[in-house]
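Quick mapping for you: the protein sequence lines, in order, are chains W and S. Counting in full-length UniProt numbering, the final residue of the first sequence is number 403, and the numbers go up one at a time with none missing. Counting in full-length UniProt numbering, the final residue of the second sequence is number 176, and the numbers go up one at a time with none missing. Only one structure is covered here, and it is reproduced in the block below.
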Amino acid sequence: MVLEATMICIDNSEWMRNGDYSPNRFQAQADAVNLICGAKTQSNPENTVGVLTMAGKGVRVLVTPTSDLGKILACMHGLEIGGEMNLAAGIQVAQLALKHRQNKKQQQRIIVFAGSPIKHDKKLLEMIGRKLKKNSVALDIVNFGDEDEGKPEKLEALLAAVNNNDTSHIVHVPPGPNALSDVLISTPIFTGDGEGGSGFAAAAAAAAAGGVSGFDLGVDPNLDPELALALRVSMEEERARQEAAAKKAAEEAAKQDKGGEQQPSSQDATMTEGASGSASEADNKKDDIMDDENALLQQALAMSMDDTTSGHDMRDTDMSEATADDPDLALALQLSVQDSDKDSSGQTDMSKLLADQSFVSSIIASLPGVDPNDPSVKDLLASMQNQSQKKDEDKGPNEEEKQ
Amino acid sequence: MSAESANAIQRNQVDLSDFIDWSGVECLNQSATHSLANALKQGYREDDGLLLESDADEQLLIYIPFTQVVKLYALVVKGPEEEGPKTVKLFSNREHMGFSNVNDFPPSDTAILSEDNLKGMPIVLKYVKFQNVRSLTIFIEDNQSGSDITKVQKIALHGTTVETTDMKGLKKVEDH
């Protein structure tokens, strides 16, 4: 929220008839002026903007600094092109207009559009620049159009003389398909210093950025969304493949460092099962289990993956990559992991049930041809319950009495 | 002037920094890194390492509005021997001057600073010219050595406030 009074110096010299900026230099400039006026008046309700022309029959102030946007925009209509630009006079008149601003708390800023050759010598411009700096006036320069007679150097020198604490800026806009105003939108001239500018400016900049980035693949996504999507998907797949390959290489290197003592850590079940086996066996088991869990994922990946998925490790890394890119896959993986969790919890439930003496004996009693009072069966039950031996013996006689 | 300076700060003259309207203080041609606060604000100005420096050339234009009408009696300007200010022009109640119109008005008072002044000896002003001061403009025209950068360590204003004295008088009448 910089409180500012701005004077915009328009170049309306004969050079503005040139059509190298669409539709012509003058119209492009007028659009840019409108945009800047909007941004300045929106960023702070007390900001004022004035406009003057530097060519024609001499410097002419069209509007003294005002916050009335309509007034500013109206003055741009019916401007006549003619004569040569007088930059030095323009800047000094602008400074005078700013000096007599009504609200003295406003910072002073001059924005100069320079689209025609500059006939002043560098020294004069530097002198004017120092004068502006002394009076704490900031200066933004939009350099477009002719580049002859060392114009950029002159403008840079002018800016260097003015610039105090990086409040002044220069933008060189080469001719091209982009509108002048579109180029300015992302520059500090438009967004203001540091604080990201007004919401209006930010929104406009974001819109412009979004519009431009869509053309990355050389296809307008608005014209052919399916083609654009296909291109994007194929780009992402290729990127994932490359990343997976890089990851595989890194992982193999890490494995060689660690040797064979890599322990499975993801699943409790594999931990218990693989504890007795060798380390390599445990690895294999882990992979197998992963295969079971991610059967769905395999299926999904098979469509987009080529032959490189043959290795287990490769597949694993691919999956993690894929989950990073594809939310659906991530969801599928999550679900399968949850399933395996349920399985392991089911196992623990089973062992709990076996620990329950009455339940086991009732099951055994219901089995045909099995005598629950048979000593061998009793021994078996006793061996199963290594934790509650006493309980087992207490219940044994009870059951004998029942039988 | 030097004879007067010896007994400068007396007769219940107070430091006027309490009556400065800080939101309206302005300084033209100050360097961004060495701003006016370094010379004018209490605490900062006592530190000789913190300076007010000019930027593009040696001139400085300082505008100080007050929160109430004051009578200005004396001015203290401290600075280094070489780059310290030399010619100082004071304007009372001239709002928003620029460097371009600084010569358009006759200054209320002009002081040529001596070495003693730069070390902290107060400059006693033409008291009659500063009886009804709402704002003060200090124009530092050049410095001692004629170099491009002017440095100021401290600026202090001494005087009395008009309203405060009146208020005290009124209260005493009410007490009786």
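A virtual CB, placed ideally from N, CA and C, is assigned to each residue, including glycine. If you're wondering where the values come from, they're calculated on a predicted model, not measured in any experiment.
1. Can you tell me the Cα-Cα spacing of W/Lys151 and W/Phe144, whole angstroms?
2. In this structure, what does DSSP give as the bridge partners for W/Cys9?
3. Less than 8 Å between the beta carbons of W/Gln29 and W/Ile10, yes or no?
4. For W/Val233, count neighbouring C-beta atoms within 10 Å of its own C-beta (all shown protein chains included) and say buried if the count is 16 or more, exposed if not.
5. Since W/Asn103 sits in a beta bridge, which residues does DSSP pair it with?
6. Does any CB atom of chain W fall closer than 8 Å to the CB of S/Ala111?
7. Whether or not the region 164–179 of chain W and the region 85–103 of chain S are in contact is what I'm after, with contact meaning three or more pairs of Cβ atoms, one per stretch, closer than 8 Å; do they touch?
8. Pick helix, strand or coil for W/Val173, following the three-state DSSP scheme.
9. Just list the residues that DSSP pairs S/Gly159 with in beta bridges.
10. Please confirm if W/Asn44 has its CB atom under 8 Å from at least one CB of chain S.
11. Does the region 103–114 of chain S touch the region 42–59 of chain S, meaning 3 or more C-beta pairs lie closer than 8 Å?
12. If you draw a straight line from the C-alpha of S/Gly43 to the C-alpha of S/Leu50, how long is it?
13. What separation, rounded to the nearest whole angstrom, lies between the Cα atoms of W/Thr6 and S/Leu40?
14. Identify the continuous beta strand (DSSP E) that holds S/Phe91 and give its terminal residues.
15. Return the bridge partner residues of S/Ser114 from the DSSP annotation.
16. With a threshold of 7 Å on Cβ separation, who are the neighbours of W/Leu168 within its own chain once the five nearest residues in sequence on each side are excluded?
17. Closer than 7 Å, Cβ to Cβ, to anything on chain W: give me those residues from the region 19–30 of chain S, in chain order.
18. Are W/Met85 and W/Ser13 touching if we call contact CB-CB under 8 Å?
19. Going by DSSP in three states, W/Ala138 sits in which element: helix, strand or coil?
20. In angstroms with no decimal places, state the Cα-to-Cα distance between W/Leu98 and S/Ser100.
21. Between which residues of its own chain and W/Asn18 is the CB-CB distance below 7 Å, once the five residues before and five after are set aside?
22. Please report whether the beta-carbon of W/Asn135 lies at a distance below 8 Å from any beta-carbon of chain S.
23. Could you spell out the range, first to last residue, of the beta strand (DSSP E) harbouring W/Thr66?
24. When you check each C-beta in the region 90–106 of chain W against every C-beta of chain S, which residues fall closer than 7 Å?
25. Distance check for W/Asp328 and W/Asp374, CA to CA, integer angstroms please.
26. From W/Leu3 to W/Gln108, what distance separates their C-alpha atoms?
27. In chain order, what residues of the same chain have a beta carbon less than 6 Å from the beta carbon of S/Gly24, not counting five sequence neighbours either side?
28. The beta strand (DSSP E) with S/Ile140 in it runs from where to where?
29. Between S/Asp48 and chain W, is any beta-carbon pair separated by less than 8 Å?
30. Whole angstroms is fine: what's the gap from W/Ala89's alpha carbon to W/Glu126's?
31. Does W/Arg130 get closer than 8 Å to chain S when you measure Cβ to Cβ?
32. So which of S/Gln30, S/Glu26, S/Val77 and S/Val133 has the shortest CA-CA distance to S/Asp148?
33. I'd like to know whether the C-beta of S/Gly98 is nearer than 8 Å to at least one C-beta of chain W.
34. Who are the Cβ neighbours of residue 179 of chain S in its own chain at under 6 Å, not counting the five residues just before and after it?
35. Since S/Asn38 contacts S/Glu83 with CB under 8 Å, what's their CB separation in whole angstroms?
36. Determine the DSSP secondary structure at S/Leu28, reduced to helix, strand or coil.
Short version:
1. 10 Å
2. Under DSSP, W/Cys9 takes part in a beta bridge, and its partners are W/Leu52 and W/Val112.
3. yes
4. exposed
5. In the DSSP output, where bridge partners are listed per residue, W/Asn103 has none listed.
6. Residue-level contact by beta carbon fails for S/Ala111 and chain W, as no gap is shorter than 8 Å.
7. no
8. strand
9. S/Val14 and S/Leu72
10. no
11. no
12. 10 Å
13. 29 Å
14. Thr87 to Ser92
15. For S/Ser114, which the question treats as bridged, DSSP gives no partner whatsoever.
16. Contrary to the premise, residue 168 of chain W reads as Ser rather than Leu in this sequence. Cβ neighbours of W/Ser168 beyond the five flanking positions: Ala138, Leu139, Asp140, Leu159 and Val162.
17. Listed by position along the chain: Leu28 and Asn29.
18. yes
19. strand
20. 13 Å
21. Asn24, Arg25 and Gly145
22. yes
23. Arg60 to Thr66
24. Lys99 and Lys104
25. Cα to Cα, the separation comes out at about 56 Å.
26. The straight-line gap from Cα to Cα measures roughly 9 Å.
27. By the criterion of a C-beta distance shorter than 6 Å, S/Gly24 is surrounded in its chain by Pro65, once the five residues flanking it on both sides are discounted.
28. Val133 to Ile140
29. Not a single CB atom of chain W sits nearer than 8 Å to the CB of S/Asp48.
30. 14 Å
31. yes
32. S/Gln30 is the residue among S/Gln30, S/Glu26, S/Val77 and S/Val133 whose C-alpha sits nearest the C-alpha of S/Asp148.
33. yes
34. Nothing can be reported for residue 179 of chain S, as the shown portion of chain S is limited to 1 through 176.
35. Not quite, the Cβ-Cβ distance comes to about 14 Å (not below 8 Å), so this is no contact.
36. strand
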